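There are 2 protein chains.
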Amino acid sequence: MSGVSVATVSRVLNEPSLVSETTRARVLEHVRALDYIPNAAARTLVRRRSQLVGVVVNTGVEHPDLKHPFFQDVLVGLKDAVGSHEYDLLLFSTGESFLRRALRHQVDGLVLMGVDRNDADLHALLVREVPVVAVDLDVAGPRAGYVMSDNVTGARLAVAHLAGRGHERIATITGLLNTRPGADRLRGYEQELAARGLPLPPEYVREGDFYPASGDAELRALLALPEPPTAVFAASDDIALGALQALAEARRELAIVGFDDAELAAIVSLTTIRQDKTALGAAAGAALVAMIEDDAAPPALVLPVELVVRETA
Amino acid sequence: MSGVSVATVSRVLNEPSLVSETTRARVLEHVRALDYIPNAAARTLVRRRSQLVGVVVNTGVEHPDLKHPFFQDVLVGLKDAVGSHEYDLLLFSTGESFLRRALRHQVDGLVLMGVDRNDADLHALLVREVPVVAVDLDVAGPRAGYVMSDNVTGARLAVAHLAGRGHERIATITGLLNTRPGADRLRGYEQELAARGLPLPPEYVREGDFYPASGDAELRALLALPEPPTAVFAASDDIALGALQALAEARRELAIVGFDDAELAAIVSLTTIRQDKTALGAAAGAALVAMIEDDAAPPALVLPVELVVRETA
DNA sequence: TTGTAGGCGTTATCAT
DNA sequence: ATGATAACGCCTACAA
Numbered sequence: 043m044s045g046v047s048v049a050t051v052s053r054v055l056n057e058p059s060l061v062s063e064t065t066r067a068r069v070l071e072h073v074r075a076l077d078y079i080p081n082a083a084a085r086t087l088v089r090r091r092s093q094l095v096g097v098v099v100n101t102g103v104e105h106p107d108l109k110h111p112f113f114q115d116v117l118v119g120l121k122d123a124v125g126s127h128e129y130d131l132l133l134f135s136t137g138e139s140f141l142r143r144a145l146r147h148q149v150d151g152l153v154l155m156g157v158d159r160n161d162a163d164l165h166a167l168l169v170r171e172v173p174v175v176a177v178d179l180d181v182a183g184p185r186a187g188y189v190m191s192d193n194v195t196g197a198r199l200a201v202a203h204l205a206g207r208g209h210e211r212i213a214t215i216t217g218l219l220n221t222r223p224g225a226d227r228l229r230g231y232e233q234e235l236a237a238r239g240l241p242l243p244p245e246y247v248r249e250g251d252f253y254p255a256s257g258d259a260e261l262r263a264l265l266a267l268p269e270p271p272t273a274v275f276a277a278s279d280d281i282a283l284g285a286l287q288a289l290a291e292a293r294r295e296l297a298i299v300g301f302d303d304a305e306l307a308a309i310v311s312l313t314t315i316r317q318d319k320t321a322l323g324a325a326a327g328a329a330l331v332a333m334i335e336d337d338a339a340p341p342a343l344v345l346p347v348e349l350v351v352r353e354t355a
Numbered sequence: 043m044s045g046v047s048v049a050t051v052s053r054v055l056n057e058p059s060l061v062s063e064t065t066r067a068r069v070l071e072h073v074r075a076l077d078y079i080p081n082a083a084a085r086t087l088v089r090r091r092s093q094l095v096g097v098v099v100n101t102g103v104e105h106p107d108l109k110h111p112f113f114q115d116v117l118v119g120l121k122d123a124v125g126s127h128e129y130d131l132l133l134f135s136t137g138e139s140f141l142r143r144a145l146r147h148q149v150d151g152l153v154l155m156g157v158d159r160n161d162a163d164l165h166a167l168l169v170r171e172v173p174v175v176a177v178d179l180d181v182a183g184p185r186a187g188y189v190m191s192d193n194v195t196g197a198r199l200a201v202a203h204l205a206g207r208g209h210e211r212i213a214t215i216t217g218l219l220n221t222r223p224g225a226d227r228l229r230g231y232e233q234e235l236a237a238r239g240l241p242l243p244p245e246y247v248r249e250g251d252f253y254p255a256s257g258d259a260e261l262r263a264l265l266a267l268p269e270p271p272t273a274v275f276a277a278s279d280d281i282a283l284g285a286l287q288a289l290a291e292a293r294r295e296l297a298i299v300g301f302d303d304a305e306l307a308a309i310v311s312l313t314t315i316r317q318d319k320t321a322l323g324a325a326a327g328a329a330l331v332a333m334i335e336d337d338a339a340p341p342a343l344v345l346p347v348e349l350v351v352r353e354t355a
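Protein sequence lines, in the order shown, are assigned to chains Z and G.
Add 42 to a position in the first sequence, counting from 1, and you land on the number used in my numbering.
Add 42 to a position in the second sequence, counting from 1, and you land on the number used in my numbering.
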């Protein structure tokens with residue numbers, strides 16, 4: 043230490059106003075010269091704050107987590123949002139309980155993506171004091187909230203668009219129905235059909251899982267029906283893509299609307315419902331930081347979606 | 043503390059063999075009862091090891107980092123590989139120098155993805171003692187190595203396939219040529235053409251940037267040539283997709299081979315060169331852990347690729 | 001305005 | 001086999 047005490051250096055770095063102009067300058071000079079970098083572990087230890095946000099990403103057992111492009115976009119928004127507040131992201135490796143990992147690292151907050159409603163850790167987490175924001179999962183707790191897109195309205199927009207084009211036999215290939223988005227998109231589909239007095243035969247509701255393979259398989263099932271639909275609302279772009287492929291192979295035509303507006307949607311000219319995935323992540327990050335730093339209330343955000351008309355419907 | 047000293051508890055958790063059977067059992071019982079979880083910060087402080095691997099992801103200014111699906115798949119492999127060795131991933135938010143962030147958090151190692159060869163931090167990083175593994179960037183240093191796919195061979199396979207189908211006028215839409223994969227794929231293309239004595243007019247080399255828009259634009263340019271090619275090697279599936287779209291709009295036919303085998307490649311039946319992205323991440327993680335724990339030599343891995351024949355060529 | 005000193009939770013050294 | 005105890009690097013009363 044060239045000149046002053048460690049306490050003063052600490053003040054220069056954290057509360058510069060407490061230090062006289064001159065000494066401050068002198069200290070900063072040495073800080074630069076030595077390329078001094080504060081040690082995060084030591085700081086975390088004494089402050090009991092890590093400036094870390096834990097991220098949990100799961101998309102079910104069959105599809106390795108993180109693989110779905112949706113989460114990637116959300117992650118980008120999240121990273122930017124928390125990054126601007128000096129937080130870094132801690133990506134937990136699957137395996138050990140993420141609750142334990144979060145506690146061990148003293149993360150200041152947690153973002154959950156693709157976590158199952160019945161996850162063993164989830165309940166234990168919600169009653170804790172650590173701030174949590176879930177994406178696409180309607181958790182609630184004293185310090186736990188969520189952000190998601192307006193899936194019901196999105197589905198209604200899709201069906202309304204199809205109906206507006208004159209379709210009366212509109213089927214749907216759903217996402218995983220035990221997820222909130224999957225259930226909500228089905229609900230919106232049903233609501234809009236009902237509102238318009240259009241028929242809804244049970245065999246027009248095909249249960250998929252958000253992934254292309256289910257789109258392919260369920261569309262074939264629809265085509266094989268005695269009275270096939272003339273239009274399909276797919277609960278994800280991936281499903282729509284699989285369906286489109288099945289359609290091409292069968293040399294059949296059907297109107298299709300997807301959900302997400304993934305990058306490939308534009309490429310294959312898929313009409314779809316756009317959800318702003320990056321904004322979802324950003325909202326999650328902002329809400330989390332607000333909970334951490336300003337003790338804000340847990341969020342319960344529903345972000346708007348919009349219809350993007352292209353060529354498939 | 044119900045019974046023994048803190049030192050003993052520490053031993054039970056870290057070197058159980060040093061503790062007698064009976065006390066060990068007693069301590070573990072209390073550990074469970076209290077749901078005791080060791081504090082990572084304190085441990086990092088004294089051990090000077092954080093069990094953290096820093097991850098840097100950049101894909102250039104125009105396209106926000108992390109957006110490219112390629113990195114996502116790599117990340118999955120990386121997470122699994124380091125996770126099985128008790129490491130978690132620290133995803134640095136862009137902005138502050140990742141070198142400083144790495145030092146501050148005392149990460150045990152660093153994985154670089156999409157980092158520019160001329161990045162300001164890169165040089166400073168390579169001369170440090172912290173282990174580094176870069177993906178798709180040929181860095182070298184006492185503790186720095188890399189992993190990448192065999193891009194040259196991949197490009198040659200693509201061109202060879204096209205030539206085998208009887209094509210003699212084969213063009214290419216390249217990736218970013220200041221990246222190693224971009225340059226290597228162009229090199230492979232040139233090599234294979236030369237080896238077969240096929241012509242290589244300069245206007246057949248169109249410079250793209252790995253993204254769909256460049257595929258679309260450059261394919262149009264190729265079609266406008268006085269003597270258009272009959273086949274195109276696209277340096278990425280994204281480029282191929284853009285090109286396919288341009289082709290469809292122009293109502294023209296051309297053989298196309300892509301590179302990556304992205305998820306959508308199968309969907310649009312794109313013939314492509316498959317690189318195992320997850321394996322790339324896993325290799326990076328394994329090599330990094332080996333450097334950290336066994337003081338292994340820095341890797342210089344080139345992973346094999348394979349041709350996947352589908353319908354576009 | 002600045003320095004002193006105790007403590008954050010853990011590990012590791014040295015005794016016992 | 002176990003217990004004291006000194007670090008690890010930093011922050012924050014409290015004193016001066």
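By construction, the Cβ of each residue, glycine as well, lies at the ideal position given by its N, Cα and C atoms.
Just so you know, these numbers come straight off a predicted model, no measurement behind them.
From the beta carbon of residue i, is the nearest beta carbon of chain G less than 8 Å away?
{"i": "residue 136 (chain Z)", "result": "yes"}
{"i": "residue 103 (chain Z)", "result": "A caution first: residue 103 (chain Z) carries a pLDDT of 47, below 50, which makes its placement in the model too unreliable to give a value."}
{"i": "residue 157 (chain Z)", "result": "no"}
{"i": "residue 352 (chain Z)", "result": "no"}
{"i": "residue 143 (chain Z)", "result": "yes"}
{"i": "residue 306 (chain Z)", "result": "yes"}
{"i": "residue 92 (chain Z)", "result": "yes"}
{"i": "residue 265 (chain Z)", "result": "no"}
{"i": "residue 317 (chain Z)", "result": "no"}
{"i": "residue 233 (chain Z)", "result": "no"}
Hey, would you say residue i sits closer than 8 Å to residue j, going by beta carbons?
{"i": "residue 161 (chain G)", "j": "residue 221 (chain G)", "result": "no"}
{"i": "residue 144 (chain Z)", "j": "residue 96 (chain Z)", "result": "yes"}
{"i": "residue 300 (chain G)", "j": "residue 279 (chain G)", "result": "yes"}
{"i": "residue 54 (chain Z)", "j": "residue 70 (chain Z)", "result": "yes"}
{"i": "residue 185 (chain G)", "j": "residue 79 (chain Z)", "result": "no"}
{"i": "residue 191 (chain Z)", "j": "residue 322 (chain Z)", "result": "yes"}
{"i": "residue 313 (chain G)", "j": "residue 262 (chain G)", "result": "no"}
{"i": "residue 205 (chain Z)", "j": "residue 264 (chain Z)", "result": "no"}
{"i": "residue 157 (chain Z)", "j": "residue 193 (chain Z)", "result": "no"}
{"i": "residue 347 (chain Z)", "j": "residue 315 (chain Z)", "result": "yes"}
Quick one: is residue i buried, meaning 16 or more other Cβ sit within 10 Å of its Cβ, or exposed?
{"i": "residue 51 (chain Z)", "result": "buried"}
{"i": "residue 188 (chain Z)", "result": "buried"}
{"i": "residue 175 (chain Z)", "result": "buried"}
{"i": "residue 90 (chain G)", "result": "exposed"}
{"i": "residue 328 (chain G)", "result": "buried"}
{"i": "residue 103 (chain Z)", "result": "Legend: pLDDT at residue 103 (chain Z) = 47, less than 50; position of this residue unreliable, no value from coordinates given."}
{"i": "residue 201 (chain Z)", "result": "buried"}
{"i": "residue 310 (chain Z)", "result": "buried"}
{"i": "residue 230 (chain Z)", "result": "buried"}
{"i": "residue 154 (chain Z)", "result": "buried"}
{"i": "residue 31 (chain Z)", "result": "Nothing about residue 31 (chain Z) can be reported from this structure: the residues present for chain Z run from 43 to 355 only."}
Which residues in chain G have a C-beta closer than 9 Å to the C-beta of residue i? List them in chain order.
{"i": "residue 74 (chain Z)", "result": "Within 9 Å Cβ-Cβ: nothing; residue 74 (chain Z) doesn't reach chain G, min ~12 Å."}
Answer yes or no: does any C-beta atom of chain Z fall closer than 8 Å to that of residue i?
{"i": "residue 50 (chain G)", "result": "no"}
{"i": "residue 130 (chain G)", "result": "yes"}
{"i": "residue 114 (chain G)", "result": "yes"}
{"i": "residue 42 (chain G)", "result": "Residue numbering for chain G in the displayed model covers 43 to 355; residue 42 (chain G) lies beyond these limits and cannot be assessed."}
{"i": "residue 121 (chain G)", "result": "yes"}
{"i": "residue 60 (chain G)", "result": "no"}
{"i": "residue 111 (chain G)", "result": "yes"}
Quick one: list the residues of chain G neighbouring residue i, beta-carbon separation under 8 Å, in chain order.
{"i": "residue 81 (chain Z)", "result": "87, 146, 148"}
What does residue i touch in chain G if you count any residue whose Cβ is under 7 Å from its own?
{"i": "residue 84 (chain Z)", "result": "87"}
{"i": "residue 254 (chain Z)", "result": "309"}
Taking C-beta pairs closer than 9 Å, name the residues in chain Z that residue i reaches, listed in chain order.
{"i": "residue 124 (chain G)", "result": "135"}
For residue i, which residues in chain Z fall below 8 Å Cβ to Cβ?
{"i": "residue 152 (chain G)", "result": "By Cβ distance, chain Z contributes nothing, its closest Cβ being about 13 Å from residue 152 (chain G), past 8 Å."}
{"i": "residue 283 (chain G)", "result": "306, 309"}
Subject >> Three or more C-beta pairs below 8 Å linking the stretch 127-147 of chain G and the stretch 338-353 of chain G >> reply: no
Subject >> Any 3 or more C-beta pairs closer than 8 Å across the stretch 77-84 of chain Z and the stretch 115-124 of chain Z >> reply: Short answer: they don't touch.
Original post:
Does the stretch 268-283 of chain Z touch the stretch 291-309 of chain Z, meaning 3 or more C-beta pairs lie closer than 8 Å?
Top reply: yes
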